[in-house]
Amino acid sequence: MMIKKKIAAVFVTSQSLDYYKSSGFFDKIVTQFDIEVLKPNSVRLNMTNISEIDLPRLDFPWQAGLIKYIKEKASLRLNDKLFNSKNHILYAQFKHATSIKQLIKFNLINLLSFCFVSKKGINFLELKLISYIKKTFFFKEVVKIISASKPDLVYLTHQNTSQTLGVSIVAKHLGIPTVCFIYSWDNIVKGNKLVKADYYFVWSDYMKQELLDYYDDEVSCDTVFVVGSPQFHHYQQDDFLIDKTTFFNAYRIPKSDFYICFSGNFTAIGQDDPAYLRDLAKAVKHYNSKNVKQFHILLRANPADYNEGFLPVLKAYPEFITDVNPDWKITNQPLPVSENKLALSVLKTTIKYSNAMINVGSTMALDATLLNT
1101 MMIKKKIAAV FVTSQSLDYY KSSGFFDKIV TQFDIEVLKP NSVRLNMTNI
1151 SEIDLPRLDF PWQAGLIKYI KEKASLRLND KLFNSKNHIL YAQFKHATSI
1201 KQLIKFNLIN LLSFCFVSKK GINFLELKLI SYIKKTFFFK EVVKIISASK
1251 PDLVYLTHQN TSQTLGVSIV AKHLGIPTVC FIYSWDNIVK GNKLVKADYY
1301 FVWSDYMKQE LLDYYDDEVS CDTVFVVGSP QFHHYQQDDF LIDKTTFFNA
1351 YRIPKSDFYI CFSGNFTAIG QDDPAYLRDL AKAVKHYNSK NVKQFHILLR
1401 ANPADYNEGF LPVLKAYPEF ITDVNPDWKI TNQPLPVSEN KLALSVLKTT
1451 IKYSNAMINV GSTMALDATL LNT
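Sequence positions in the sequence shown follow the numbering used here and run 1101 to 1473.
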């Protein structure tokens, strides 16, 4: 009898788990490996043949957060120098200060970042970050979990989260090889890669070359593999589409001639998304008042990080915007598909029945292209 190698896979969001489940990742991998999923307590895999382990609570100190943001901005400034460009810094998360304390903090981060604009400076920040994380409850508990589990490989599904960073540091501490999946198509150039893995999975040859260009001291052709992405697999499957009548009745979407899907981003990145949605609603209201052909907006807020700024816009323009929240419970209707397909089914159906897509910096334009929107 062949003894299977064991993989510990770290997932941070339900959305990511849904992508992997829809692609058949788990069904295929269990035929070759033993696998267990490490994830936050709020995330559930719900597959009977795969064990789930809850990650401990995050208790990274404030110094770790400060270093992370300084490193990000310093990396962007360094990329501007290395690639003779002034565009990388535009990826920085410019947060609006709502207090004097926040204003001081943001300005301090910005000023300190100038002191570390070099490979040596970035490395110094990374080592300081690791030293703080190794003192945390999270690190010590994950050491116990991984030591008891004894995986042959740790698979990290995101390069830029506190959980995957923490687990990657534990794996390195215990001498276990790691593979990190670059989560999205534009993540490499943003200067915020936290995880340092032994191997990387990327979407495309273009992303592979980006990784080689931006992290030439860390990766090589032999350590980066083009594997595609599970993110778009469900668009090719008919059983992820909800019947139009069922869908429209559930969300009380009014009859219209033209539907515009407005896709929201993570709150930290899409801080101004509510303002764009308001402007779009004003334009639709003005157009509808003067034309027989009517437009309507379907709001697809980011389900992993709902932007509360949309709420006053929805309240101000209820007849022009429908919030297509993937939480089907709000519709009070029977499930149209199985629970494990629901979130991605709502996503696919929203795009399928839209005539146009408006998004600011999310991948939804790629999703819409696959469905000819």
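For glycine and all other residues, C-beta sits at the position ideal for the given N, C-alpha and C. A quick note: this is a predicted structure, and the numbers were derived from the prediction, not measured.
List the whole-angstrom C-beta distance separating residue i from residue j, where the pair is believed to meet the contact cut-off of C-beta under 8 Å.
i, j, result
"L1398", "F1410", "Not confirmed; about 12 Å, so no contact."
"L1108", "E1136", "Sequence inspection shows Ala at residue 1108; the Leu mentioned does not correspond to that position. Indeed they touch by this definition, with Cβ atoms about 6 Å apart."
"I1209", "I1245", "No, I1209 and I1245 are not in contact; Cβ-Cβ is about 33 Å, not under 8 Å."
"V1217", "L1190", "Between L1190 and V1217 the Cβ distance is about 16 Å, and since that is not below 8 Å, they are no contact."
"N1287", "Q1259", "6 Å"
"F1366", "D1423", "Not quite, the Cβ-Cβ distance comes to about 17 Å (not below 8 Å), so this is no contact."
"F1160", "T1236", "6 Å"
"P1330", "Y1120", "5 Å"
First and last residue of the beta strand (DSSP E) that includes residue i?
i, result
"M1457", "1456-1459"
"E1136", "1133-1139"
"V1324", "1324-1326"
"V1279", "1278-1281"
"K1106", "1105-1110"
"R1400", "1395-1400"
"Y1299", "1299-1302"
"T1148", "Note, T1148: premise wrong, no beta strand (DSSP E); not H, not E."
"V1254", "1253-1256"
So the candidates are the options; which of them puts its Cα closest to the Cα of residue i?
i, options, result
"V1446", "W1428, V1460, D1159, Q1433", "W1428"
"Q1132", "T1236, F1111, K1104, L1166", "K1104"
"K1106", "Y1417, K1441, L1265, K1250", "K1250"
"V1110", "Q1263, Y1191, G1165, V1460", "Q1263"
"V1254", "F1239, N1455, N1260, I1276", "I1276"
"V1143", "D1159, G1124, T1113, I1167", "T1113"
"F1281", "K1290, V1302, I1288", "V1302"
"F1480", "D1379, I1421, L1138", "An answer regarding residue 1480 cannot be provided, because it is not within the stretch 1101 to 1473 covered by the chain."
"Q1371", "V1392, K1390, V1460, P1434", "V1460"
"A1350", "Y1417, N1432, F1362", "N1432"
"E1241", "K1344, P1156, K1393", "P1156"
"L1227", "D1154, A1164, I1204, T1198", "A1164"
"S1438", "L1203, T1345, F1340, K1344", "F1340"
"K1050", "L1158, I1200, P1140, K1393", "Lying outside 1101 to 1473, the shown extent of the chain, residue 1050 is not represented and no answer is given."
"T1346", "P1434, K1415, S1389, Y1387", "P1434"
"L1166", "D1322, I1204, N1440", "I1204"
"T1463", "W1285, C1215, N1391", "W1285"
"G1266", "K1393, K1441, P1140", "P1140"
Within the same chain, show all residues whose beta-carbon is closer than 8 Å to that of residue i, passing over the 5 residues directly before and after it, in chain order.
i, result
"P1374", "N1407, G1409, F1410, P1412, V1413"
"T1071", "Look at the range of the chain in this structure, 1101 to 1473, and you will see that residue 1071 is not part of it."
"Y1283", "S1116, T1257, H1258, Q1259, N1260"
"L1274", "V1243, I1246, S1247"
"S1320", "L1312"
"I1150", "F1126, V1130, I1135, E1136, V1137"
"S1185", "N1179"
"L1225", "I1167, I1170, K1171, A1174, F1216"
Using C-beta distances below 6 Å, list every residue in its chain close to residue i, excluding the 5 sequence neighbours before and after it, in chain order.
i, result
"I1342", "P1436, S1445, T1449"
"A1468", "I1451, M1457"
"N1455", "F1358, Y1359"
"I1353", "T1422"
Terminal residues of the continuous alpha helix (DSSP H) containing residue i?
i, result
"L1227", "1219-1233"
"D1127", "1125-1129"
"Y1120", "1114-1122"
"E1241", "1237-1249"
"S1320", "Neither: S1320 is in no alpha helix (DSSP H) and is coded neither H nor E."
"E1172", "1162-1182"
"D1313", "1305-1314"
"T1469", "1464-1470"
"L1294", "No alpha helix (DSSP H) holds L1294; DSSP gives it neither H nor E."
"I1204", "1200-1213"
"S1262", "1262-1274"
Could you tell me whether the Cβ atoms of residue i and residue j are closer together than 8 Å?
i, j, result
"S1231", "K1173", "no"
"L1229", "K1168", "yes"
"H1333", "S1122", "yes"
"V1326", "S1304", "yes"
"A1192", "L1182", "no"
"F1395", "L1377", "no"
"D1118", "A1443", "yes"
"V1384", "F1420", "yes"
"Y1314", "V1289", "yes"
"Y1417", "A1381", "yes"
"D1338", "K1219", "no"
"L1471", "Y1306", "no"
"Y1453", "K1344", "yes"
What does a CB cutoff of less than 7 Å around residue i pick up in its chain, not counting 5 residues either side in sequence?
i, result
"M1147", "F1126"
"N1402", "G1364, N1365, F1366"
"G1291", "E1172, S1175, L1176, N1179, H1188, Y1191"
"G1328", "W1303"
"V1324", "Y1300, V1302, K1308, L1311, L1312"
Are any of the Cβ atoms in chain C nearer than 8 Å to that of residue i?
i, result
"R1352", "Judged by its chain identifiers, the structure shown contains no chain C, having just a single protein chain."
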